[in-house]
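Report on the following structure.
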Amino acid sequence: MGTEGYAETYAASSEDPEKFWLNAAALVDWDVPPARALDDSRPPFYRWFPDGRLNTSFNALDRHVLAGHGNRTALVYDSAMLGTTRTYTYAELLAEVETFAGVLHSQGIRAGDRVVIYLPMIPEAVIAMLATARLGAVHSVVFGGFAAAELAARIDDARPDAVVTASGGLEPKRRVEYLPTVAEALETAGHRVRAVVVAAREGFAHTVREFDGAGGGSWADWAGLAADAQPRGPVSVAATDPLYILYTSGTTGAPKGVVRDNGSHAVALAWSMANIYDAGPGQVMWTASDVGWVVGHSYIVYGPLIAGATTVLYEGKPVGTPDAGAFWRVAAEHGVEVLFTAPTALRAIRRADPELALAAGYDLSKLRTLFAAGERLDPETYRWMSDALGIPVVDHWWQTETGWAICANPMGLDPQPLKAGSPTFPVPGFRLRVVDGTGTEVTAGTEGNIVLDLPLPPGTLATLWGSDERYRASYLQAFEGSYATGDSGYVDEDGYVFVMGRTDDVINVAGHRLSTGAIEQAVAKHPDVAECAVIGVQDSLKGQRPCGYVVLKAGSSVTEVDIQAALADLVRRQIGPVADFRDVRVVDGLPKTRSGKILRKTMRQIADGEEFTVPSTIEDRSVLDALVPLLRPAVQREA
Numbered sequence: 001m002g003t004e005g006y007a008e009t010y011a012a013s014s015e016d017p018e019k020f021w022l023n024a025a026a027l028v029d030w031d032v033p034p035a036r037a038l039d040d041s042r043p044p045f046y047r048w049f050p051d052g053r054l055n056t057s058f059n060a061l062d063r064h065v066l067a068g069h070g071n072r073t074a075l076v077y078d079s080a081m082l083g084t085t086r087t088y089t090y091a092e093l094l095a096e097v098e099t100f101a102g103v104l105h106s107q108g109i110r111a112g113d114r115v116v117i118y119l120p121m122i123p124e125a126v127i128a129m130l131a132t133a134r135l136g137a138v139h140s141v142v143f144g145g146f147a148a149a150e151l152a153a154r155i156d157d158a159r160p161d162a163v164v165t166a167s168g169g170l171e172p173k174r175r176v177e178y179l180p181t182v183a184e185a186l187e188t189a190g191h192r193v194r195a196v197v198v199a200a201r202e203g204f205a206h207t208v209r210e211f212d213g214a215g216g217g218s219w220a221d222w223a224g225l226a227a228d229a230q231p232r233g234p235v236s237v238a239a240t241d242p243l244y245i246l247y248t249s250g251t252t253g254a255p256k257g258v259v260r261d262n263g264s265h266a267v268a269l270a271w272s273m274a275n276i277y278d279a280g281p282g283q284v285m286w287t288a289s290d291v292g293w294v295v296g297h298s299y300i301v302y303g304p305l306i307a308g309a310t311t312v313l314y315e316g317k318p319v320g321t322p323d324a325g326a327f328w329r330v331a332a333e334h335g336v337e338v339l340f341t342a343p344t345a346l347r348a349i350r351r352a353d354p355e356l357a358l359a360a361g362y363d364l365s366k367l368r369t370l371f372a373a374g375e376r377l378d379p380e381t382y383r384w385m386s387d388a389l390g391i392p393v394v395d396h397w398w399q400t401e402t403g404w405a406i407c408a409n410p411m412g413l414d415p416q417p418l419k420a421g422s423p424t425f426p427v428p429g430f431r432l433r434v435v436d437g438t439g440t441e442v443t444a445g446t447e448g449n450i451v452l453d454l455p456l457p458p459g460t461l462a463t464l465w466g467s468d469e470r471y472r473a474s475y476l477q478a479f480e481g482s483y484a485t486g487d488s489g490y491v492d493e494d495g496y497v498f499v500m501g502r503t504d505d506v507i508n509v510a511g512h513r514l515s516t517g518a519i520e521q522a523v524a525k526h527p528d529v530a531e532c533a534v535i536g537v538q539d540s541l542k543g544q545r546p547c548g549y550v551v552l553k554a555g556s557s558v559t560e561v562d563i564q565a566a567l568a569d570l571v572r573r574q575i576g577p578v579a580d581f582r583d584v585r586v587v588d589g590l591p592k593t594r595s596g597k598i599l600r601k602t603m604r605q606i607a608d609g610e611e612f613t614v615p616s617t618i619e620d621r622s623v624l625d626a627l628v629p630l631l632r633p634a635v636q637r638e639a
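Under UniProt numbering, the first residue of the sequence shown carries the number 1, and numbering increases by one thereafter.
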């Protein structure tokens, strides 16, 4: 399919999805190849490859070794925190995974059981995921460093038989002890696990021995168990059996666990590696994310390994480990060809190194594409990075729920001209529409609700863990026959999709509906602005008014008064006087989740004086705390 053009491929996926995805299924190895693609007997709960059987771990490892590629590099671990690297060939990684599958088996883990993985960005995280999948069990990775209450909530929801963790994780200025957190979570949770397996790391205060028995389970050392473990082969499972549960970021109340199955997940990721990322066997892909997020699941672990590529696992930050040249060091040292990161990482680099001077010292000749996702890649950051690197900078849009890109520029088909601010076109398999509140499709250029027609393609969520009805209520009820993405945007006259933000980030100023994303786009054009957030706050006269919070680039000497006037003029010229954009504050930082999303909803709630819950996924609580005094007065300021 990689030799066809985008238009032909998209048409084929829409006109005959059964044939299209059965052809794509040939990209993975099956124990029982599927004879049909789609089970549509129980709408809106569609299932892909219902009669197929396979093992995802086998597809990521064994098949490459059996094909004679065992000496090919599978995984490069680069720890900026420790100043060390370690490389695993496919044969070496397979041996580690077989052994740890034996460890889990010795702890009673069988097909269908759940394993919670609470690990930092170390090779054991990849190994634990693949070993769980090898046994046909279901992993649920929880971001290492989450508070005990959040970990306990996920344990109670997933009801795992085992927890895999480590002594701790490393942050630029501190060590995070994991074992007391895990112990507290197990004591708090109503569910009892049988076993806790701990990967020991040097330099941490706590040991397994201190906590053995905490929470009712046995605690044991990874290395000790591995020494006696019998390697385990791959267990064949149904394509529709679950591979993992991943809880959506920003969850409040009961956790919302997205369920991904084995078969359609493997097929979708194999197809995407070739057709979206243009990355294949022996090529190096680095996804600068975390295995605790969906991006890490799909494109640190499963996607590259299923494709036979080399994947980079990075333990560090875009800035501060040691400087804003960290990404370029990693890319140069490991010959990275495809880099995937979040826009917030690019903006952090831009703030610290506006001229990208630190990249000049590294050989980036192998780097051919930079992909961005996680939140909208604003046009100014896109232009800055495109000009600086001289390679395609590809924004693409997807969600935890979809598991892979909804919209992208298909670099493995025929790359389309890029447009600043757009993730280009819908990916084959995703039938996207923009509708108004009644579900009526809007005209080109008109902003509305972005929906995806059912059935969703392979690789997307099958349901929410433990509740089909919650899945239906959360995503399928708002617009009949469609999945509600919760994002707003528009499609222009050329068919390019523009995702402007969450639907609750559309504000109403004196009867005019305005996108805060559009206002942010205007604000970001100012040469001193590194990043910004615009929120709508309550206004007694106009209903809502936009307030901006901006972070300036390093070395900027512009005053707050001057930037207020300049940005008000920019927005007036770009959006119009109807925006009434006058409230601007200069801040040291913006509150974000660990995956890089700015907490606009929380900021808006604080500004409006509403009750709010700080999301468990917040990166740095102190940034939000520092912003509260600036947000609170927003509701008092006169329009």
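For each residue, glycine too, the CB sits at the ideal point set by N, CA and C.
None of these values were measured; they are calculated from a predicted model.
Residue i - partner residues in DSSP beta bridges
i: Ala484; result: Val451
i: Asp221; result: Val198
i: Pro318; result: According to DSSP, Pro318 bridges with nothing at all.
i: Arg594; result: In DSSP, Arg594 forms no bridge with anything.
i: Gly102; result: None; Gly102 has no bridge partner.
i: Met285; result: Thr311 and Val338
i: Tyr490; result: Phe498
i: Glu531; result: Val551
i: Ser467; result: Leu464
i: Trp48; result: Leu38
Residues near residue i by beta carbon distance below 7 angstroms, same chain, minus five either side
i: Ser298; result: Leu269, Gly403 and Trp404
i: Arg431; result: Ser14, Leu452 and Asp453
i: Ala348; result: Pro318 and Val319
Opening and closing residue of the alpha helix (DSSP H) in which residue i lies
i: Pro185; result: Residue 185 is actually Ala in this sequence, not Pro. Taken as a continuous stretch (DSSP letters only), the alpha helix (DSSP H) holding Ala185 covers Leu179 to Thr188.
i: Ile127; result: Pro123 to Arg134
i: Val142; result: Counting along the chain, Val142 falls outside any alpha helix (DSSP H), and DSSP gives it neither H nor E.
i: Ser386; result: Pro379 to Leu389
i: Ser622; result: Arg621 to Leu631
i: Tyr6; result: Tyr6 to Glu15
i: Ser556; result: Run containing Ser556: none; DSSP gives neither H nor E here.
Residue i - containing beta strand (DSSP E), residue span
i: Asp502; result: Contrary to the premise, residue 502 reads as Arg rather than Asp in this sequence. Counting along the chain, the beta strand (DSSP E) containing Arg502 begins and ends at Val497 to Arg502.
i: Glu315; result: Thr310 to Glu315
i: Ile117; result: Arg114 to Tyr118
i: residue 640; result: Given that the chain is displayed from residue 1 to residue 639, the structure contains no residue 640 and the question cannot be resolved.
i: Phe371; result: Thr369 to Ala372
Proximal residues to residue i (C-beta, below 8 angstroms), its chain only, five neighbours per side dropped
i: Asp40; result: Tyr46 and Pro455
i: Thr9; result: Met1, Asn275, Pro410, Leu413 and Pro428
i: Leu476; result: Pro44, Leu454, Ser482, Tyr483 and Ala484
i: Gly5; result: Leu413 and Asp414
i: Arg502; result: Gly486, Asp487, Ser488, Arg600 and Lys601
Cβ shell of residue i (< 6 angstroms), same chain only, five flanking positions each side left out
i: Asp620; result: none
i: Thr310; result: Thr73 and Val284
i: residue 648; result: Since the first and last residues shown for the chain are 1 and 639, residue 648 lies out of range.
i: Glu493; result: Ala444
i: Arg632; result: none
i: Gln564; result: Val584
i: His265; result: Leu243 and Gly459
Residue from the options with nearest C-alpha to residue i
i: Leu61; options: Lys256, Asp221, Thr287 and Pro304; result: Pro304
i: Gly263; options: Thr87, Glu337, Leu27 and Ser474; result: Leu27
i: Ser380; options: Arg470, Ala324 and Val529; result: Contrary to the premise, residue 380 reads as Glu rather than Ser in this sequence. The option with the nearest alpha carbon to Glu380 is Val529.
i: Val115; options: Leu130, Ala148 and Val163; result: Val163
i: Tyr496; options: Val393, Leu151, His64 and Pro417; result: Pro417
i: Arg300; options: Glu150, Met273 and His64; result: It should be noted that the sequence gives Ile, not Arg, for residue 300. When each option's Cα is compared against that of Ile300, the closest is Met273.
i: Gln399; options: Ile391, Ile450 and Ala566; result: Ile450
i: Asn55; options: Pro34, Ala67, Ala239 and Leu514; result: Ala239
i: Ala360; options: Glu184, Phe340 and Ala324; result: Ala324
i: Met129; options: Val291, Val587 and Ala37; result: Val291
Closer than 8 angstroms to chain D by CB, residue i
i: Gly421; result: Annotation note: the requested chain D is absent from the structure, which comprises a single protein chain.
At least three beta-carbon pairs within less than 8 angstroms, the region 272 to 283 to the region 429 to 436: no
Evaluate the contact criterion for the region 72 to 81 versus the region 325 to 344: three or more CB pairs, one atom per stretch, below 8 angstroms. yes
Would you call the region 224 to 235 in contact with the region 84 to 101, where contact means no fewer than 3 C-beta pairs closer than 8 angstroms? yes
With a threshold of 8 angstroms, are at least 3 pairs of Cβ atoms found where one atom belongs to the region 535 to 554 and the other to the region 341 to 360? yes
Under 8 angstroms: do the region 201 to 215 and the region 104 to 119 share three or more Cβ pairs, one atom per stretch? no
Is the region 335 to 348 touching the region 184 to 199, taking contact as three or more C-beta pairs under 8 angstroms? no
Would you call the region 164 to 174 and the region 308 to 325 in contact, with 3 or more CB pairs under 8 angstroms? yes
Whether or not the region 253 to 262 and the region 385 to 394 are in contact is what I'm after, with contact meaning three or more pairs of Cβ atoms, one per stretch, closer than 8 angstroms; do they touch? no
Whether or not the region 565 to 583 and the region 603 to 620 are in contact is what I'm after, with contact meaning three or more pairs of Cβ atoms, one per stretch, closer than 8 angstroms; do they touch? no
If you pair each beta-carbon of the region 515 to 533 with each one of the region 367 to 380, do three or more pairs fall below 8 angstroms? yes
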